[in-house]
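Residue numbers (this note's numbering), protein chains in the order written: chain A, 369 to 620; chain B, 12 to 302. Only one structure is covered here, and it is reproduced in the block below.
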């Protein structure tokens, strides 16, 4: 059985078929990219998986568990993390606080224990802090640790959002256009991190991306979408030469 | 001088009640960006619950107090579930109208259940006074101040030191992100409503010996607490309490030193002045949009 799979996923808004009978599977430890022209349904698929939308029909499975009806917070607790194209951070908090909120799904202490300031609470907090420091080191965020998000440049925020997702120690991470708004150098860093996430942290990656050079550098497989349907699926070079994909991009 | 201190203490006590109601405004606003105009009426309901438990059923004061606050917490959750959640996502205007409607509803229903007379609750603080030299301070007023300090400290610890409190702050800052950190945002919002109704209930019980309980008490005080919340920056918890105390003190001083009629106007004059000079309120965050 596949690690993650979508079966016949469809999302219709009235007569508009944003996603139409899309099926695919992600293997454990794989980096899979979804590409396609604007309006192809890439973000819709992401929003279906992370349960912002409910599918019109179809099913989603993660580790052989049906997650189609789960609420968003439950998805996070199962070990699926995501980032957003437009960055959704806690703006008025420090980088460190943002990452610590990322630890929420691992919080085990009870309210009454916290109100009594039990030693176990303190020990727990220290453990969370250690994990977060590892992520900060992994993504070279030391200089920003105690800065407020609202004062940081776009490129850094993008990395912080990734760091927050990693702080939750996900099994599967969904990256929504990780390179959008980044310069060439920052995109290079991003491509290294995405690969390291898989090799060093063992995280499976599903991403939506426009930058073909990034897609080619990191992906094991690529899915090309157009008008809510899958055009082609396979290794990056193969998919890019697929006649339907070429036609969709060139508008022929 | 003596008069001044006397007025100051009763102003602070009244202001604490405004502050507690304002706190309820702020908690709900921070969590859901909804202004709950029924907040004053929730306070009124807390007073009536306490009257029922203590005055009618003859419970011990502290038991009755705890019972009223617990009942209010439940009622807050219920109000969120029945009145607010079904219309979340619709324009602000609809939600505000719904909370105003909830206020009307609560006033009418409590009038039907408990009648329109003034009720009094006997409390351990009803009669006593504290004398410091020739200064005489009523216990009931001091109890309001003490209770406000205790409540604010508890809330501060809760919001800043516990996981649930942190989850609440996260949800109020960015709901979407909070969801994907594994925070059950809907449950969190319902707990926020419970807390804000419970705080309003506390205010209602504390106020009972001072102004009596009647079905319109919440409307009047709610209208005073709203400027307190605005003064404090609408969104800041310490701001709400400081705003409330300021309004209370100004009102009480104006009533004593100025001509008849100034008492009710003075707080609004100060509010207008503050908003002219510092539009984000005393404790408000200055938000500049990045372009």
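Think of the CB as a built atom: it goes at the ideal place given N, C-alpha and C, for glycine as much as any other residue.
Below 7 angstroms on C-beta distance, what does residue i contact in chain A?
i                      : result
residue 194 of chain B : 441, 472
residue 188 of chain B : 456, 457, 458
residue 178 of chain B : 472
residue 181 of chain B : 458, 469
Quick one: is residue i buried, meaning 16 or more other Cβ sit within 10 Å of its Cβ, or exposed?
i                      : result
residue 437 of chain A : exposed
residue 473 of chain A : buried
residue 151 of chain B : buried
residue 410 of chain A : buried
residue 181 of chain B : buried
residue 161 of chain B : exposed
residue 487 of chain A : exposed
residue 28 of chain B  : buried
residue 609 of chain A : exposed
residue 228 of chain B : buried
residue 526 of chain A : buried
residue 115 of chain B : exposed
residue 165 of chain B : exposed
residue 192 of chain B : buried
residue 14 of chain B  : exposed
residue 400 of chain A : buried
residue 74 of chain B  : exposed
residue 374 of chain A : buried
residue 602 of chain A : exposed
Which residues of chain B have a Cβ atom closer than 9 angstroms to the Cβ of residue i, listed in chain order?
i                      : result
residue 430 of chain A : In chain order: nothing, as chain B lies at least about 14 angstroms away.
residue 527 of chain A : Those do not exist, as residue 527 of chain A stays about 16 angstroms from chain B at its closest Cβ, beyond 9 angstroms.
Along chain B, in chain order, which residues have C-beta atoms closer than 7 angstroms to that of residue i?
i                      : result
residue 622 of chain A : This structure does not reach residue 622 of chain A, given that chain A is present from 369 up to 620, and the question cannot be answered.
residue 482 of chain A : 172, 173, 174
residue 631 of chain A : There is simply no residue 631 of chain A to check, as chain A begins at 369 and stops at 620 in what is shown.
Terminal residues of the continuous alpha helix (DSSP H) containing residue i?
i                      : result
residue 622 of chain A : Given that chain A is displayed from residue 369 to residue 620, the structure contains no residue 622 of chain A and the question cannot be resolved.
residue 71 of chain B  : Unbroken run through residue 71 of chain B: none, as it is neither H nor E.
residue 308 of chain B : For chain B, the structure presents residues 12 to 302; residue 308 of chain B sits outside this window and is missing.
residue 458 of chain A : Unbroken run through residue 458 of chain A: none, as it is neither H nor E.
residue 426 of chain A : Counting along the chain, residue 426 of chain A falls outside any alpha helix (DSSP H), though it belongs to the beta strand (DSSP E) covering 425-430.
residue 612 of chain A : 611-618
Which bits of chain A does residue i rub up against, with CB to CB less than 8 angstroms?
i                      : result
residue 184 of chain B : 458, 459, 460, 461
residue 77 of chain B  : Per Cβ cutoff of 8 angstroms: no residues; residue 77 of chain B is ~17 angstroms from chain A at best.
At what residues does the beta strand (DSSP E) containing residue i begin and finish?
i                      : result
residue 494 of chain A : Residue 494 of chain A -> not in any beta strand (DSSP E); alpha helix (DSSP H) instead, spanning 487-506.
residue 231 of chain B : Premise fails: residue 231 of chain B lies in the alpha helix (DSSP H), 228-242, not in any beta strand (DSSP E).
residue 598 of chain A : 597-602
residue 149 of chain B : 146-149
residue 375 of chain A : 372-381
residue 583 of chain A : Segment 580-586 is the alpha helix (DSSP H) holding residue 583 of chain A; no beta strand (DSSP E) there.
residue 517 of chain A : Element bounds for residue 517 of chain A: n/a, residue is neither H nor E.
residue 443 of chain A : It is not in any beta strand (DSSP E) - residue 443 of chain A instead sits in the alpha helix (DSSP H) that spans 440-446.
residue 479 of chain A : Element bounds for residue 479 of chain A: not the beta strand (DSSP E) but the alpha helix (DSSP H), 479-483.
residue 589 of chain A : 589-594
residue 399 of chain A : 399-403
residue 422 of chain A : Where residue 422 of chain A is concerned, there is no enclosing beta strand (DSSP E), given that its DSSP letter is neither H nor E.
residue 391 of chain A : 384-394
Anything in chain B within Cβ reach of residue i, meaning under 8 angstroms, just list it in chain order.
i                      : result
residue 536 of chain A : 192, 193
residue 449 of chain A : 191
residue 445 of chain A : 193
residue 418 of chain A : 191
Report the CB separation of residue i from residue j in whole angstroms; it is logged as a contact under 8 angstroms.
i                      : j                      : result
residue 200 of chain B : residue 42 of chain B  : 5 angstroms
residue 592 of chain A : residue 538 of chain A : The pair is not a contact, with the Cβ atoms about 25 angstroms apart (cut-off 8 angstroms).
residue 583 of chain A : residue 590 of chain A : 6 angstroms
residue 535 of chain A : residue 503 of chain A : 5 angstroms
residue 37 of chain B  : residue 246 of chain B : 6 angstroms
Subject >> alpha helix (DSSP H) segments (min. 4 residues) lying fully within the stretch 246-291 of chain B >> reply: 248-268, 273-288
Original post:
Which runs of the beta strand (DSSP E) fall wholly inside the stretch 519-571 of chain A and span at least 3 residues, in chain order?
Top reply: Fully contained in the stretch 519-571 of chain A are the following beta strand (DSSP E) runs of length 3 or more, in chain order: 540-544.
Original post:
Quick one: complete alpha helix (DSSP H) runs, 4+ long, within the stretch 125-211 of chain B?
Top reply: Under the rule that a run must span 4 or more residues, the alpha helix (DSSP H) segments found entirely inside the stretch 125-211 of chain B read 150-172, 174-184, 186-190.
Original post:
In chain order, which alpha helix (DSSP H) runs of at least 4 residues are fully inside the stretch 15-72 of chain B?
Top reply: 50-61
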